[in-house]
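Trainee: Residue numbers (my numbering): 198 to 714.
A virtual CB, placed ideally from N, CA and C, is assigned to each residue, including glycine.
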Amino acid sequence: MTYLAVPIAAKDFKEALRQIRVAVTRGAEMLELRSDYLDSLNTELITKLITAAKAESEKPLPLIVTCRSKSQDGSIAYPDKLRIEVLSAAVKANVEFIDFEYESFRDINNQEKIRLALSQAKRTRLILSAHNFEGPFDDVGGMYRHIMATYPAAIPKLVYTANQINDCFDALDLLSRTSDKAIIFCMGRAGLATRILAKKLGSFVTFAAAERKTATAPGQLTIEQLKDLYRYDSIDEDTQLFGVIGDPIEHSLSPLVHNACFAEADLNCIYLPILLAGNRDEFYDFMYCVIGRRWLGFKGFSITIPHKQNALDFVTQRRGYIEPLAEIIGAANTLLLGPDDKTKVYNTDYKGATDAIVAAGIKRLRGVDTAVIGAGGVARAVVAGLTTAGANVTIYNRTVRKAQRLAAEFNCQFAPLDELKNLNAKLLVNCTSLGMYPNVDATPVPTEYLKKDMAVFDTVYNPPLTRLLKDAKRHHAKTISGLDMFINQAAAQFNLFTGKDPDIELIREVASEHLKC
Ligand code: NAP
198 MTYLAVPIAA
208 KDFKEALRQI
218 RVAVTRGAEM
228 LELRSDYLDS
238 LNTELITKLI
248 TAAKAESEKP
258 LPLIVTCRSK
268 SQDGSIAYPD
278 KLRIEVLSAA
288 VKANVEFIDF
298 EYESFRDINN
308 QEKIRLALSQ
318 AKRTRLILSA
328 HNFEGPFDDV
338 GGMYRHIMAT
348 YPAAIPKLVY
358 TANQINDCFD
368 ALDLLSRTSD
378 KAIIFCMGRA
388 GLATRILAKK
398 LGSFVTFAAA
408 ERKTATAPGQ
418 LTIEQLKDLY
428 RYDSIDEDTQ
438 LFGVIGDPIE
448 HSLSPLVHNA
458 CFAEADLNCI
468 YLPILLAGNR
478 DEFYDFMYCV
488 IGRRWLGFKG
498 FSITIPHKQN
508 ALDFVTQRRG
518 YIEPLAEIIG
528 AANTLLLGPD
538 DKTKVYNTDY
548 KGATDAIVAA
558 GIKRLRGVDT
568 AVIGAGGVAR
578 AVVAGLTTAG
588 ANVTIYNRTV
598 RKAQRLAAEF
608 NCQFAPLDEL
618 KNLNAKLLVN
628 CTSLGMYPNV
638 DATPVPTEYL
648 KKDMAVFDTV
658 YNPPLTRLLK
668 DAKRHHAKTI
678 SGLDMFINQA
688 AAQFNLFTGK
698 DPDIELIREV
708 ASEHLKC
């Protein structure tokens with residue numbers, strides 16, 4: 198079993214009790230009393246807190262008591278003597294676990310005192326912990342062996358900062374190899390997924406904050422995020438993994454959408470944010486790490502900036518399957534890993550866009566005069582989809598030479614932005630970032646150029662109703678929101694992941710709630 202432990206990090210007894218109550222209410226399975234946060238710490242105070250914590254729930258939660266040293270990110274620099282007295286008092290009060298830093302335990306005086314306290318314990322077990330806040334340990338496996346050799350009855354806790362996602366594999370490997378109780382995961386934004394995978398791989402404990410303001414380590418999620426967003430309660434060793442690979446990734450709607458769809462379809466799958474900094478080399482390293490570790494259970498990925506071309510190149514190199522239009526676009530946003538490690542890539546962006554246009558009532562695109570504004574990544578996918586459907590496309594872009602290049606590839610026209618004054622298209626698609634939050638007053642097309650008989654599609658989806666779409670509505674033009682494109686591409690991706698069609702209205706609800714529209 199993996200315990201979901203919540204740190205209690207308060208300056209005084211009253212605040213600690215409040216935090217304990219919140220943690221119990223929100224579903225904590227264990228509490229970690231961080232006594233190094235308490236002002237005027239003494240043994241009576243910790244004993245009183247332990248008694249209060251045990252009384253807070255009908256079935257008292259297991260407790261870890263720790264008094265972290267300053268060098269291991271403790272809050273107040275209490276001397277070793279007091280820290281050990283506090284832990285000894287916790288042993289006397291019969292807590293389940295005390296946590297002492299391995300580096301402090303190696304001091305023979307400290308070790309003797311901790312061993313003496315534990316020799317009188319009825320049930321308390323020792324967690325020997327090592328944290329590296331700077332980056333990975335030189336040899337995390339060696340560190341594990343040292344701890345076990347020094348005190349075989351200890352539960353080792355090894356936690357380090359992952360500076361990038363590929364730093365996490367040493368921790369995951371070690372966790373998968375240990376059959377005894379151990380606590381192993383990574384801190385930092387890139388380590389976030391390991392806090393969730395800790396349950397699948399059987400870490401003895403994973404930590405989450407009861408409230409955002411009481412988080413005690415970088416990358417620590419809240420209980421609410423862990424349970425509601427990442428489906429923590431449903432995770433077991435058979436859970437299949439999906440995720441979105443990109444940088445940045447924090448604002449991606451995809452984990453919200455796909456996890457909600459997995460829950461709705463009652464599938465034993467979770468979807469993780471995978472912050473992959475770097476470029477081609479880092480992307481390839483990540484994919485090889487995942488492919489070499491089938492036991493992790495990764496089955497598919499959404500791919501976003503800056504890795505869409507890397508995904509395509511990777512699958513090309515492995516002679517995997519490439520959806521023809523993804524190859525033409527030169528970018529993939531979906532990568533699947535088959536049971537035989539066969540890789541497949543697709544691009545659901547163009548389909549998301551063309552489906553949104555068709556759903557708005559434009560059933561036939563053949564011969565339709567279309568203005569595409571922008572010549573970046575989304576414009577490529579949109580132009581590929583539109584030209585394949587036979588639309589007559591002109592590309593307008595600020596950097597004209599980019600419009601010219603894209604037009605040459607897809608056999609269409611191009612023009613500078615000021616030519617929009619002669620706009621005569623029946624369909625206009627904004628593929629620039631103009632109008633996107635927070636610059637919501639920006640628009641790529643002066644309102645006077647819009648006409649009643651136009652359909653106006655803005656691929657920007659945050660906000661769903663952009664300034665361009667508001668202007669178009671004022672001209673009584675038909676409007677198509679980027680949110681529809683987002684929903685369609687996510688639905689197509691879910692279908693590729695699972696072979697099932699998701700509930701479109703659920704995706705809309707989840708995305709809209711997040712975008713507050
Ligand atoms: P990108 O590759 O960086 O391309 C950005 C485009 O916007 C370029 O054509 C650029 O022109 C133009 N642009 C940027 N700032 C401008 C300005 N101030 N004035 C005029 N043109 C400007 O970005 P992308 O990946 O194509 O994404 C574009 C937008 O698509 C995003 O902002 C997002 O809102 C939207 N999007 C929607 C979905 C969906 O599912 N609905 C999915 C992904 C993205 P230059 O070539 O001159 O720089």
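#1: Using alpha carbons as the reference points, say which of K539, S266 and P660 lies closest to I519.
#2: Shortest alpha-carbon distance to V219 belongs to which of E253, L242 and T248?
#3: DSSP state of V512, grouped into three classes?
#4: Residues bridged to T644 by DSSP?
#5: Mind checking whether E461 and D700 have CB atoms under 7 Å apart?
#6: Taking the C-alpha atoms as reference points, what is the distance between L522 and H448?
#7: With hydrogens ignored, establish whether the beta-carbon of S630 is closer than 6 Å to any heavy atom of the ligand NAP.
#8: Grab me the residues of L371's own chain with a C-beta within less than 8 Å of its C-beta, minus the 5 sequence neighbours each way, in chain order.
#9: Are there any heavy atoms of the ligand NAP lying less than 6 Å away from the beta-carbon of F691, as far as the coordinates show?
#10: If we ignore side chains and look at the alpha-carbon of each, how far apart do F691 and G564 end up?
#11: Would you tell me roughly how many angstroms separate the C-alpha atoms of E616 and Y593, rounded to the nearest one?
#12: Among residues of its own chain, excluding the 5 on either side of V657, which ones have a beta-carbon nearer than 6 Å to its beta-carbon?
#13: Please determine, among V642, P635 and N659, the residue with the shortest C-alpha to C-alpha distance to V653.
#14: Beta-carbon separation of Y234 and A206 under 7 Å?
#15: Taking the alpha-carbon positions, what's the A578 to T411 distance?
#16: Quick one: what's got a C-beta closer than 6 Å to A359's C-beta in the same chain, skipping five residues either side?
#17: How far does the beta strand (DSSP E) with V590 in it extend, from its first residue to its last?
#18: Quick one: is M651 buried, meaning 16 or more other Cβ sit within 10 Å of its Cβ, or exposed?
#19: Pop quiz: K599 and A572 are said to be a contact at Cβ under 8 Å. What is the actual Cβ separation, rounded to whole angstroms?
#20: Going by other Cβ atoms of all chains shown within 10 Å of its Cβ, with 16 needed for buried, is T629 buried or exposed?
#21: Regarding A605 and the ligand NAP, is the C-beta to nearest heavy atom distance less than 6 Å?
#22: Measure from the alpha carbon of V626 to the alpha carbon of each residue in M682, N608, E645 and P660, then state which is nearest.
#23: Beta carbon of R602: closer than 6 Å to some heavy atom of the ligand FMN?
#24: With a threshold of 16 other CB atoms inside 10 Å of the CB of N544, please say whether the residue is buried or exposed.
#25: Can K599 be considered in contact with the ligand NAP, in the sense that its beta carbon sits closer than 6 Å to one or more heavy atoms?
#26: Would L325 and Y299 be called neighbours here (beta carbons separated by less than 7 Å)?
#27: In chain order, what are the residue ranges of uninterrupted alpha helix (DSSP H) at least 4 long that sit wholly in the stretch 539-606?
#28: Closest to L438 by C-alpha separation, out of R705, N456 and I446, would be which residue?
#29: A368 and A225 look like a contact to me (Cβ under 8 Å); what is the Cβ gap, rounded to whole Å?
#30: In this structure, does DSSP put G497 in helix, strand or coil?
#31: Output yes or no for whether 7 Å exceeds the beta carbon distance between F401 and I432.
#32: Exposed or buried, P445, counting other C-beta atoms within 10 Å across all chains shown (16 or more means buried)?
#33: Compute every distance between the C-beta of Y547 and the non-hydrogen atoms of the ligand NAP, then say whether any falls below 6 Å.
#34: Can you find the residues in the same chain that come closer than 6 Å, C-beta to C-beta, to Q686, ignoring five residues on each side of it along the sequence?
#35: Which complete alpha helix (DSSP H) runs does the stretch 425-511 hold, if anything under 4 residues is left out?
#36: Candidates L323, A213, L313 and G696: which alpha carbon is nearest V292's?
Mentor: Let's see:
#1: Taking the Cα of I519 as reference, the smallest distance to any Cα among K539, S266 and P660 is reached at K539.
#2: Among E253, L242 and T248, the Cα nearest to that of V219 belongs to E253.
#3: DSSP places V512 in helix when its eight states are reduced to three.
#4: DSSP, once it has assigned bridges, lists no residue as partnering T644.
#5: With contacts defined as CB atoms closer than 7 Å, E461 and D700 qualify as a contacting pair.
#6: The alpha-carbon atoms of L522 and H448 are separated by roughly 27 Å.
#7: Yes, the ligand NAP has a heavy atom inside 6 Å of this Cβ.
#8: Hits under 8 Å: V337, G338, Y341, L355, A379 and I381.
#9: Outside the cutoff, so no.
#10: Answer to the nearest angstrom: the Cα atoms are 32 Å apart.
#11: Straight-line spacing of the CA atoms in E616 and Y593 works out to 8 Å.
#12: So the qualifying residues of the chain are G632, M633, T663 and G679.
#13: Per the Cα distances, V642.
#14: It is a contact, given that the beta carbons lie within the stated cut-off.
#15: Between A578 and T411, the C-alpha separation is close to 43 Å.
#16: Contacts found: C365, C383, G385, A387 and G388.
#17: Residue range N589 to N594 is occupied by the beta strand (DSSP E) that includes V590.
#18: That one is buried.
#19: Between A572 and K599 the Cβ distance is about 4 Å, and since that is below 8 Å, they are a contact.
#20: It is buried - the Cβ of T629 has at least 16 other Cβ atoms within 10 Å.
#21: No, the ligand NAP has no heavy atom inside 6 Å of this Cβ.
#22: Considering only alpha carbons, the answer is M682.
#23: The ligand content of the structure shown is limited to the ligand NAP, which means the ligand FMN is not among them.
#24: Per the 10 Å Cβ criterion, buried.
#25: A distance criterion of 6 Å places the beta-carbon of K599 in contact range of the ligand NAP, judged by its closest non-hydrogen atom.
#26: Cβ atoms of L325 and Y299: closer than 7 Å.
#27: Correct list: 546-556 and 574-585.
#28: It is N456 whose Cα lies nearest to the Cα of L438.
#29: Between A368 and A225 a beta carbon distance of about 23 Å is seen, past the 8 Å cut, so the two are scored as non-contacting.
#30: If DSSP states are grouped into helix, strand and coil, G497 belongs with the strands.
#31: Result no, Cβ atoms of F401 and I432 do not sit closer than 7 Å.
#32: Counting Cβ neighbours within 10 Å, P445 comes out exposed, since fewer than 16 surround it.
#33: Y547: no, Cβ never under 6 Å from the ligand NAP.
#34: Listed in chain order, the non-local C-beta contacts of Q686 below 6 Å within the same chain comprise T545, D546 and G549, local neighbours out to five positions each way being set aside.
#35: Qualifying alpha helix (DSSP H) stretches, in chain order: 451-461 and 477-488.
#36: Closest option to V292, Cα to Cα, is L323.
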